[in-house]
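Numbering (this note's numbering), first residue to last: 625 to 796.
For every residue, glycine included, the Cβ atom is placed at its ideal position computed from N, Cα and C.
These notes concern the structure reproduced below.
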């Protein structure tokens with residue numbers, strides 16, 4: 625009897641065998657599928673370093689804006705916008721760091737929780753899209769030379785994020 629497809633989850637299952645037969649996949653095929661789904665370790669390390677750079681850029685941006693407003697040099701109308709964008713950059717950058725490092729806190733597996741609620745982050749192309757989102761937050765602060773760290777971190781994150789999107793889609 626033919627096996628009915630599993631419709632309880634929306635994620636694709638690894639190939640069962642040659643030509644769609646029900647043979648169990650080889651160890652190499654299972655490892656390749658896992659690598660496509662989770663990302664190679666070098667890609668994950670690169671993604672982690674970029675996320676840490678974006679967190680640093682956002683943190684520095686918050687501090688710079690605080691000093692500007694305290695010295696009455698900043699524009700009070702846009703000050704709160706710049707601080708808000710930098711705080712979002714820090715927050716979402718820390719989320720990305722937590723996902724790449726598989727952090728567990730308060731007896732809760734945050735990685736599993738986020739992958740359940742935002743399934744696209746469990747894929748290489750999804751993390752690439754998320755890096756592109758973080759890059760747009762960083763590049764929204766395009767004021768050279770004051771926000772040089774934001775601009776550099778944003779451009780690097782954008783290039784790597786686009787690479788992850790393309791690479792993840794091709795591999796999948």
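Item	Value
Backbone CA spacing between residue 711 and residue 744 [nearest angstrom]	23 Å
Per-residue DSSP class, three states only, for residue 789	helix
Host alpha helix (DSSP H) of residue 762 (start-end)	748-763
Burial state of residue 741, where buried means 16 or more other Cβ atoms lie within 10 Å	exposed
Residue range of the alpha helix (DSSP H) that includes residue 799	Coverage of the chain is limited to positions 625 through 796, which leaves residue 799 absent and any answer about it impossible.
Separation of residue 715 from residue 777, as counted between CA atoms	15 Å
C-beta contact flag for residue 755 and residue 720 at 9 Å	yes
Proximal residues to residue 791 (C-beta, below 7 Å), its chain only, five neighbours per side dropped	748
Sequence-distant residues of the same chain with beta carbon closer than 7 Å to residue 766, five excluded per side	775
Alpha-carbon to alpha-carbon, residue 795 and residue 787	12 Å
Member of 723, 763, 704 and 684 whose CA lies at the smallest distance from the CA of residue 669	723
Contacting residues, own chain, Cβ-Cβ under 8 Å from residue 784 (five flanking each side not counted)	670, 671, 674, 752 and 755
Which listed residue (732, 667 and 705) has its alpha carbon closest to that of residue 761	705
Exposed unless 16 or more other CB atoms sit within 10 angstroms - verdict on residue 736	exposed
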